[in-house]
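Each protein sequence line maps, in turn, to chains A and B.
Numbering-wise, the numbering used here puts 8 at position 7 of the first sequence, and it's gapless, one number per residue.
Numbering-wise, the numbering used here puts 309 at position 308 of the second sequence, and it's gapless, one number per residue.
Every residue gets a Cβ at the ideal spot worked out from N, C-alpha and C, and that includes glycine.
To start, the structure under review is shown below, and the notes come after it.
2 protein chains.
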Amino acid sequence: MSEFSFPQFSTMKVAVLAGGVGGAKLVLGLDRVLSPGNLTTIVNTGDDFTHFGLKICPDIDSVCYSLAGLANKSYGWGLEGETWYVADALESLGAPTWFQLGDRDLATHLERTRLLGEGKKLSQVIADFCNRWDILSRVLPMSDDEAPTLIETKAGTVLPFQDYLVREKAQPEVNHILLHGGFEPSPLPEALMAIQEADLVVIAPSNPWVSIDPILALRGVREVLKEKHVVAVSPIIQGKTIKGPAAKMFAELGIQPSSLAVLRHYSDLLDLFVYDASEKPMFSSDILEGVSTIQLQTIMTDEADKIQLAGAILQHFIDLIGAQ
Amino acid sequence: MSEFSFPQFSTMKVAVLAGGVGGAKLVLGLDRVLSPGNLTTIVNTGDDFTHFGLKICPDIDSVCYSLAGLANKSYGWGLEGETWYVADALESLGAPTWFQLGDRDLATHLERTRLLGEGKKLSQVIADFCNRWDILSRVLPMSDDEAPTLIETKAGTVLPFQDYLVREKAQPEVNHILLHGGFEPSPLPEALMAIQEADLVVIAPSNPWVSIDPILALRGVREVLKEKHVVAVSPIIQGKTIKGPAAKMFAELGIQPSSLAVLRHYSDLLDLFVYDASEKPMFSSDILEGVSTIQLQTIMTDEADKIQLAGAILQHFIDLIGAQ
């Protein structure tokens with residue numbers, strides 16, 4: 002929350018912290034609103050896992066496919082016009098099919114695995130893919146190190162995140178979330194630098210527990226954020242989520258799921274908090290000192306919604322800074 | 002070449018040593034001619050390699066796809082009715098495409114890689130696949146250990162076999178063939194036992210240098226074979242091969258490629274040697290003492306050819322044994 006003189010809108014630099022589906026939507030809007038190259042997305046890698054020997058990065062792929070205009074328009078994941086020949090053959094071999102692998106999506110996992118096997122860092126591989134897909138924004142994994150999010154259930158089992166989310170359909174009750182899976186990953190230096198150089202940092206409407214916290218928990222990230230203007234967008238709307246288990250997780254961790262709970266989750270970092278226009282306005286006594294709030298249409302069903310939300314957030318930030 | 006009393010034809014047990022394409026053809030013929038379950042195929046794994054993080058076993062897959070009735074009828078590899086969506090996506094990602102990966106073929110590699118990653122042995126994985134594909138014959142990898150065939154070229158480079166064969170299209174001149182790639186693989190115990198229990202061992206018309214020698218070079222295999230009746234089928238016809246670089250390799254290793262050269266290659270093991278009916282008969286002075294020869298139609302273009310050759314070999318073996 003530093004002293005700040007706002008630059009031309011067209012030269013505004015934004016860093017966004019994002020997970021998968023909801024995050025990817027706002028990332029697309031920001032990419033379209035900002036000047037080419039002025040957006041850096043720092044993506045959660047806590048969901049990354051190895052399946053059939055392949056390195057799979059669900060959140061990075063959601064963000065990249067979205068930015069490349071390749072994302073499936075109906076599902077929150079995967080590619081538009083995808084085919085399923087490999088998946089059908091896997092099923093007929095009796096292989097596990099809980100994680101859906103489309104044919105073209107598989108090519109991404111195969112080539113990523115090959116390049117990592119050659120010794121390339123994940124960040125280099127993602128940069129190669131973005132270049133190949135004509136993505137002008139920068140997409141950075143939060144870390145090049147292993148940092149798996151593990152879910153400890155109330156039944157006492159410990160599940161890698163995709164096992165919990167996809168295989169178990171997020172049904173087990175969450176007792177505890179173990180970020181970074183016992184590893185000590187370093188934040189990607191370029192990610193820290195992108196935050197430092199940003200005029201505004203946006204926390205996307207992703208799951209606070211398992212999409213954003215893994216990034217915030219990296220060494221030095223909170224410290225850098227505290228020097229910056231930060232806006233968060235609530236993924237909770239009227240106590241529910243559009244997709245994903247964030248609301249269920251809040252409840253299981255003993256917190257009433259609400260936008261206010263999200264605001265409090267990020268309390269020490271925020272300048273501005275965005276929650277949905279359909280909600281009852283928060284009591285001003287609930288809102289933390291020094292944090293502005295605004296209600297916007299946060300449900301993004303098409304590209305126009307994404308652009309509109311991104312533009313509204315940036316404009317409100319400009320107004321807020323101008324008024325200070 | 003033991004003393005031997007020939008059992009009923011229907012109870013005859015055969016072990017066949019085989020590589021990929023040519024081997025798979027005769028294996029299919031033998032599978033169809035023998036009683037269900039009486040054929041064991043011991044397959045070269047020297048071609049096995051890791052590509053895109055996946056374990057690929059070209060010769061095992063050729064044999065299994067053939068036995069399962071899934072093999073492509075035009076090419077010597079892959080599956081009939083294959084699709085190429087992943088391969089197209091890999092190409093558009095700029096990934097290497099020298100090794101063709103069909104969609105359904107990929108499922109085999111993925112599930113094999115997954116099962117090996119779970120700690121299953123290759124022989125168990127192949128048994129699972131054979132069961133899934135309703136293959137009644139047994140298919141055994143020559144070893145569960147790593148045993149890569151390496152090609153040292155006259156230019157001094159050392160290439161894994163598939164890199165030499167497929168990526169380099171077998172163009173580099175061969176200086177030396179390094180079997181087992183510096184590892185010391187153990188033969189699969191079930192493979193040794195299958196040879197011991199066989200009434201006849203067939204060396205398929207596969208490349209002697211890189212398909213059969215890797216099996217013969219395993220500890221104890223030659224010793225067990227010397228106690229058995231062994232028939233080899235020449236992969237060289239009028240100095241050439243139907244497919245693959247065997248003839249070129251003979252020449253580069255300083256040996257005139259011919260059926261006689263193949264006969265001499267296996268000289269210490271054979272009771273019977275089969276070469277193509279189209280060739281000029283060998284001079285009897287060239288033929289080794291104790292080895293019978295027969296000329297048969299060895300070019301197998303359809304399933305009837307494969308069955309006919311397999312039946313003719315077995316019948317000739319019966320006649321030969323009966324006459325002793």
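N-terminal and C-terminal residue of the alpha helix (DSSP H) that residue i is part of
i: LYS26 of chain B; result: 22-34
i: ARG223 of chain B; result: 222-226
i: ALA192 of chain A; result: 190-198
i: TYR86 of chain A; result: 86-93
i: HIS317 of chain A; result: 304-324
i: GLU253 of chain A; result: 247-253
i: ARG265 of chain B; result: 260-266
i: GLN125 of chain A; result: 123-133
i: THR114 of chain A; result: 104-118
i: ASP60 of chain B; result: 59-68
i: ASP145 of chain B; result: Element bounds for ASP145 of chain B: n/a, residue is neither H nor E.
i: LEU217 of chain B; result: 214-217
Proximal chain A residues relative to residue i, where beta-carbon distance stays under 8 Å
i: LEU91 of chain B; result: ALA108, LEU111, GLU112
i: LEU94 of chain B; result: ALA108, THR109, GLU112, PHE130, ARG133
Same chain, Cβ closer than 6 Å to residue i, five either side skipped, listed in chain order
i: ASN39 of chain A; result: LYS14
i: THR84 of chain A; result: ASP104
i: ALA195 of chain A; result: ALA16, THR41
i: SER67 of chain B; result: ALA25, LEU29
i: ALA88 of chain A; result: LEU102
i: ALA262 of chain A; result: PHE251, ILE256
i: ARG139 of chain B; result: THR41
i: LEU264 of chain B; result: PHE274
i: PHE100 of chain A; result: HIS52, VAL167
i: GLY23 of chain A; result: PRO206, SER207, PRO236
i: ILE295 of chain A; result: VAL275, HIS317
i: LEU55 of chain B; result: HIS110, THR114
Proximal residues to residue i (C-beta, below 7 Å), its chain only, five neighbours per side dropped
i: PHE184 of chain A; result: ASP146, GLU147, ALA148
i: SER11 of chain A; result: SER36
i: GLU153 of chain B; result: VAL159, ASN176, HIS177, LEU179
i: HIS266 of chain A; result: PRO209
i: SER187 of chain B; result: SER144, ASP146, ARG220
i: SER279 of chain B; result: ILE238, GLN239
i: ILE308 of chain A; result: GLY30, ARG33, VAL34
i: SER259 of chain B; result: ILE237, GLY240
i: GLY47 of chain B; result: ALA148, PRO149, THR150, PHE162, LEU180, VAL211, PRO215
i: LEU310 of chain B; result: LEU27, GLY30, LEU297, GLN298, THR299, MET301
i: PHE5 of chain A; result: For PHE5 of chain A, the predicted model reports a pLDDT of 27, less than 50, meaning its position is unreliable and no value from the coordinates is stated.
CB contact below 8 Å: residue i versus chain C
i: ARG115 of chain B; result: Given the protein chain composition of this structure (A and B), no chain C is represented.
Within chain A, the residues that residue i reaches when beta carbons sit closer than 7 Å
i: THR84 of chain B; result: TYR86
i: ASP287 of chain B; result: Here the premise fails: no neighbours, minimum Cβ distance about 49 Å.
Cross-chain neighbours of residue i in chain B, by beta carbon under 8 Å
i: GLY1 of chain A; result: Lying before the first or after the last residue shown, residue 1 of chain A is absent from chain A, which here runs from 2 to 325.
i: ARG1 of chain A; result: Limits of chain A in this structure are 2 at one end and 325 at the other, which puts residue 1 of chain A out of reach.
i: ASP1 of chain A; result: Nothing in the structure corresponds to residue 1 of chain A, since chain A is present only between 2 and 325.
Cβ-based neighbour list, residue i, same chain, cut-off 8 Å, excluding 5 preceding and 5 following
i: SER124 of chain A; result: LEU141, PRO142, ASP145, LEU189, GLU191
i: SER268 of chain B; result: LEU289, VAL292
i: LYS155 of chain B; result: PRO173, GLU174, VAL175, ASN176, GLU253
i: THR109 of chain B; result: ASP62, PHE130
N-terminal and C-terminal residue of the beta strand (DSSP E) that residue i is part of
i: ARG139 of chain A; result: 139-142
i: HIS52 of chain A; result: 50-52
i: HIS177 of chain A; result: 175-179
i: PRO161 of chain A; result: 159-161
i: SER293 of chain B; result: 293-297
i: GLY19 of chain B; result: First, the residue type needs correcting, since residue 19 of chain B is Ala and not Gly in the sequence shown. From DSSP, the beta strand (DSSP E) with ALA19 of chain B extends over 15-19.
i: GLU153 of chain A; result: 151-154
i: VAL44 of chain A; result: 40-44
Could you please tell me which residues of the segment 47-78 of chain A, in chain order, have their CB closer than 7 Å to any CB of chain B?
PHE53, GLY54, LEU55
Closer than 9 Å, Cβ to any Cβ of chain B: which residues of the segment 138-170 of chain A, in chain order?
none
Touch check for the segment 196-203 of chain B and the segment 166-173 of chain B: three-plus C-beta pairs under 8 Å?
no
Which of the residues in the segment 190-222 of chain B, read from start to end, lie with their CB under 7 Å from any CB of chain A?
none
Check whether the segment 85-103 of chain B and the segment 111-121 of chain B are in contact - that is, three or more C-beta pairs closer than 8 Å.
no
Note down, in chain order, all residues in the segment 22-49 of chain B with a beta-carbon under 8 Å from any beta-carbon belonging to chain A.
none
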